[in-house]
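Peer 1: Here you go, one structure.
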Amino acid sequence: MDAKVPPRPSLTGNGELSPEEISLESNDVVNEKAVLRKIDWRLLPLVVGLHAISLVDRTNISVARISGMDEDLSLDVGARASIATSTFFIGYILFNIPSNVVIRIVGAARFLGIITIAWGIATIGIGVVTTWVAVAILRSFLGVFEAGNTPGSIFLVSAWYKRYEVQKRLAVYFLGSLFIQGFSNIFAYGLVQIGDYTTYKGWRWIYIIEGAITVFLGIMAYFWLIDFPDSIRTKFLTEKEKAFVNDRLAQERGTDEHHNVTWNSIREDLKDWKVWACAWIYFSATIGTYALGFFLPIILKRSLGFSTAAAFCLAGARDTFAVIVSFTLSWLSDRVRMRGPFVTGQAVTSIIGLGLLAWTKSPASRLVGAFLGTAGSNAIIPSALAWQANNCREGRKRSVASALQVMCGATGGLVASYILRQQDAPAYVPGLTTIMTVQSLTVLLSIFLSRWCGRLNKLADEGKVVLEKMEGFRYSM
Numbered sequence: 025m026d027a028k029v030p031p032r033p034s035l036t037g038n039g040e041l042s043p044e045e046i047s048l049e050s051n052d053v054v055n056e057k058a059v060l061r062k063i064d065w066r067l068l069p070l071v072v073g074l075h076a077i078s079l080v081d082r083t084n085i086s087v088a089r090i091s092g093m094d095e096d097l098s099l100d101v102g103a104r105a106s107i108a109t110s111t112f113f114i115g116y117i118l119f120n121i122p123s124n125v126v127i128r129i130v131g132a133a134r135f136l137g138i139i140t141i142a143w144g145i146a147t148i149g150i151g152v153v154t155t156w157v158a159v160a161i162l163r164s165f166l167g168v169f170e171a172g173n174t175p176g177s178i179f180l181v182s183a184w185y186k187r188y189e190v191q192k193r194l195a196v197y198f199l200g201s202l203f204i205q206g207f208s209n210i211f212a213y214g215l216v217q218i219g220d221y222t223t224y225k226g227w228r229w230i231y232i233i234e235g236a237i238t239v240f241l242g243i244m245a246y247f248w249l250i251d252f253p254d255s256i257r258t259k260f261l262t263e264k265e266k267a268f269v270n271d272r273l274a275q276e277r278g279t280d281e282h283h284n285v286t287w288n289s290i291r292e293d294l295k296d297w298k299v300w301a302c303a304w305i306y307f308s309a310t311i312g313t314y315a316l317g318f319f320l321p322i323i324l325k326r327s328l329g330f331s332t333a334a335a336f337c338l339a340g341a342r343d344t345f346a347v348i349v350s351f352t353l354s355w356l357s358d359r360v361r362m363r364g365p366f367v368t369g370q371a372v373t374s375i376i377g378l379g380l381l382a383w384t385k386s387p388a389s390r391l392v393g394a395f396l397g398t399a400g401s402n403a404i405i406p407s408a409l410a411w412q413a414n415n416c417r418e419g420r421k422r423s424v425a426s427a428l429q430v431m432c433g434a435t436g437g438l439v440a441s442y443i444l445r446q447q448d449a450p451a452y453v454p455g456l457t458t459i460m461t462v463q464s465l466t467v468l469l470s471i472f473l474s475r476w477c478g479r480l481n482k483l484a485d486e487g488k489v490v491l492e493k494m495e496g497f498r499y500s501m
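As numbered in our numbering, residues 25 to 501 make up the sequence shown, in order.
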């Protein structure tokens, strides 16, 4: 288990740190910003890369299918495509929460590095198999190994920043990954062309090359990724900088931030209905993102009549648009310190977009719907994660809550695999309607949760309750 940096004693005598103590060696905000920039550059690029390649490896089955995989492996027969797609989520769902127990014991760099190498090898394996059953089996291993990446990275990122610094970073994490994933469609189209010059079909090179890139990133993570702020393995900061970071976090979260996760604490943390509410919100977002990620290239080509090259490029443009919209809203959400109204607006945007995609006839309006649906669904993700993280004071609870969110998000992917059925191809209207229904419930839930948090804050202001076992703590609305 990690050796911990002991907490600095409080000079105020009441267990809280004064602004003078928090400043430590820095006399102004410039030094604080310099430390944050140092953390940003060391942490975010690599976790963004790991998340991007995880999204690419789990969703590249859609571009492989329109590049010859269906014909070579008879994947479009009956429910085979849904089965091969959904097997990923079984292990992914089961191992989400246990992974956040293990990551604190093993360490972030070692844990994330090893699982990334493992799922990279599984991805390469899909590129050489000859049956659809083998694809389904390897995708199940892909899910097991990827299970720890997203909740572990979210836990790691949220551990380094204060409450209203975190959504911008989570937006970079998710939307930077989405941006890279958008270009991966164009990259995949280039890889398909390799098949013209080799005995291997083009779709196989998608898996082989992208799997090799995954293994390389896993090796980088093992040797370069930073650990938690209280870990003895955190070497890139000086001792004074490390103390500064831990003290500023302790002022906001208390000195029990780094209590270990136990099965008893997991049961206790899961009794909070607000944790489940944010998990539902995340589920409603991912059912939309996975559905469009898995099936939009197919809709573009087989329903709207675009060529394979155009379908790849439009999928990339859609993701770029989603990044711009989502990051702008995330920055604004941190700026005004509000979460609920943004979740509500993002869900409404997604519903409008999916409605255009499902129920209009014009290719132009359906394409606009695809862009709006993607932007709305993706924008919910950093908002839901930040809302959850903001309202869980202890790192232990935040770890469990983020893992539950990702687990429910994976359930969204599993549901998306089956509600967009082969018999409804190529428009998938019943499945898109189901997603709109789910996200309509999110609109209502986000309004209720925001008002409920406001009510509890008012009671805390009146001295009638103590929120999250800490005087002065207030929920984000």
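Where a beta carbon is used, it is the ideal one built from N, C-alpha and C, also for glycine.
Please list, in chain order, all residues of the same chain as R417 whose beta carbon is under 6 Å from its beta carbon, the five residues on each side excluded.
Peer 2: So the qualifying residues of the chain are R277, E492, M494, F497.
Peer 1: Relative to the C-alpha of A449, which candidate in S106, I63, A142, R128 has its C-alpha closest?
Peer 2: For A449, the nearest C-alpha among the options comes from S106.
Peer 1: For M501, name the three-state secondary structure that DSSP assigns.
Peer 2: Here M501 sits in coil by DSSP.
Peer 1: Could you check the C-alpha separation between L391 and A408 for me, to the nearest Å?
Peer 2: When rounded, the distance between both Cα atoms is 26 Å.
Peer 1: Helix, strand or coil: how does DSSP classify S331 here?
Peer 2: It is coil, neither helix nor strand.
Peer 1: Just list the alpha helix (DSSP H) runs in the stretch 213-248, keeping only unbroken ones of 4 residues or longer that don't cross its boundaries, in chain order.
Peer 2: As far as the stretch 213-248 is concerned, its whole alpha helix (DSSP H) runs of at least 4 residues are 226-248.
Peer 1: Under the rule that 16 or more other beta-carbon atoms within 10 Å means buried, what is I348, buried or exposed?
Peer 2: Counting Cβ neighbours within 10 Å, I348 comes out exposed, since fewer than 16 surround it.
Peer 1: Does the separation of the CB atoms of Y231 and E170 fall below 8 Å?
Peer 2: Not closer than 8 Å, so no.
Peer 1: Of all the options S255, H75, N120, which has the alpha carbon lying nearest to the alpha carbon of T140?
Peer 2: With distances taken between Cα atoms, T140 lies closest to H75.
Peer 1: Whose C-beta lies closer than 6 Å to the C-beta of L338 among residues of the same chain, with five residues either side of it excluded?
Peer 2: Closer than 6 Å at Cβ, skipping near neighbours: L324.
Peer 1: Is G436 closer than 8 Å to T262 when the C-beta atoms are compared?
Peer 2: No, the Cβ-Cβ distance between T262 and G436 is not below 8 Å.
Peer 1: Within the stretch 376-419, note down every full alpha helix (DSSP H) run reaching 4 residues or more, in order along the chain.
Peer 2: Entirely contained in the stretch 376-419, the alpha helix (DSSP H) runs reaching 4 residues are, in chain order, 387-414.
Peer 1: Three-state secondary structure (DSSP) at S98?
Peer 2: Of the three classes helix, strand and coil, the one that applies to S98 here is coil, per DSSP.
Peer 1: Could you say which of S98, G73, E189 lies nearest to L136 if we only look at CA atoms?
Peer 2: Checked all of S98, G73, E189; the closest Cα to L136 is G73.
Peer 1: Could you check whether L381 and G397 sit closer than 8 Å to each other, using their CB atoms as the reference points?
Peer 2: Cβ distance < 8 Å, so G397 and L381 count as in contact.
Peer 1: Just confirm the distance between the C-beta atoms of G235 and I148, as a whole number of angstroms; I'd bet it's less than 8 Å.
Peer 2: That belief holds up - the Cβ atoms of G235 and I148 are roughly 3 Å apart, short of 8 Å.
Peer 1: Give the secondary structure of L338 by DSSP, where H, G and I count as helix, E and B as strand, and everything else as coil.
Peer 2: Three-state result, L338: helix.
Peer 1: Determine the direct distance from the alpha carbon of S386 to that of W143, and round the result to whole angstroms.
Peer 2: The alpha-carbon atoms of W143 and S386 are separated by roughly 41 Å.
Peer 1: Secondary structure at Y314, three-state DSSP: helix, strand or coil?
Peer 2: Y314 falls in the helix class under three-state DSSP.
Peer 1: Alpha carbon to alpha carbon, how far is R475 from L483? Give it in angstroms, no decimals.
Peer 2: Answer to the nearest angstrom: the Cα atoms are 13 Å apart.
Peer 1: In whole angstroms, give me the CA-to-CA distance for F268 and T313.
Peer 2: Their backbone Cα atoms lie some 38 Å apart in a straight line.
Peer 1: Can you look up Y442 in the DSSP assignment and give me helix, strand or coil?
Peer 2: Reduced to three states, the DSSP call for Y442 is helix.
Peer 1: So, does the stretch 123-135 touch the stretch 246-262, judging by three or more C-beta pairs under 8 Å?
Peer 2: Short answer: they touch.
Peer 1: How should V53 be labelled, buried or exposed, when 16 other C-beta atoms within 10 angstroms of its C-beta is the threshold for buried?
Peer 2: No answer about V53 holds up, because its pLDDT of 44 lies below 50 and its placement is not dependable.
Peer 1: DSSP three-state call for D271: helix, strand or coil?
Peer 2: Looking at D271 - three-state DSSP - the assignment turns out to be helix.
Peer 1: Go through its chain and collect everything with a Cβ distance to T174's Cβ below 6 Å, but skip five positions before and after it.
Peer 2: Correct list, in chain order: V430.
Peer 1: What three-state label does DSSP hand D81 in the structure shown?
Peer 2: In the structure shown, D81 sits in a helix (DSSP, three-state: H, G or I).
Peer 1: Using the three-state DSSP reduction, which class does K264 fall into: helix, strand or coil?
Peer 2: Helix, per DSSP.
Peer 1: Our contact map puts F113 next to G167 with C-beta atoms below 8 Å; I'd like the distance itself, whole angstroms only.
Peer 2: With 8 Å as the limit, F113 and G167 qualify as a contact, their Cβ atoms being about 6 Å apart.
Peer 1: Restricting to Cα atoms, I'd like to know which of C302, L99, L202 is closest to S78.
Peer 2: Checked all of C302, L99, L202; the closest Cα to S78 is L202.
Peer 1: In three-state terms, what does DSSP make of L294?
Peer 2: Here L294 sits in coil by DSSP.
Peer 1: Determine the burial state of Y499: buried for a count of at least 16 other Cβ atoms within 10 Å of its Cβ, exposed for fewer.
Peer 2: Buried, because 16 or more other Cβ atoms sit within 10 Å of the Cβ of Y499.
Peer 1: I need the boundaries of the alpha helix (DSSP H) containing R134, first residue and last residue.
Peer 2: Start and end: 132-150.
Peer 1: Where does L363 fall in DSSP's three states?
Peer 2: According to the sequence as given, residue 363 is Arg; it is not Leu. Coil at R363, not helix or strand.
Peer 1: Residues in the same chain with beta-carbon distance under 7 Å from F366, minus the five sequence neighbours each way, listed in chain order, please.
Peer 2: So the list reads L353, S357, S407, once near-sequence residues are dropped.
Peer 1: What separation, rounded to the nearest whole angstrom, lies between the Cα atoms of Y442 and R66?
Peer 2: In a straight line, the C-alpha of Y442 is about 39 Å away from that of R66.
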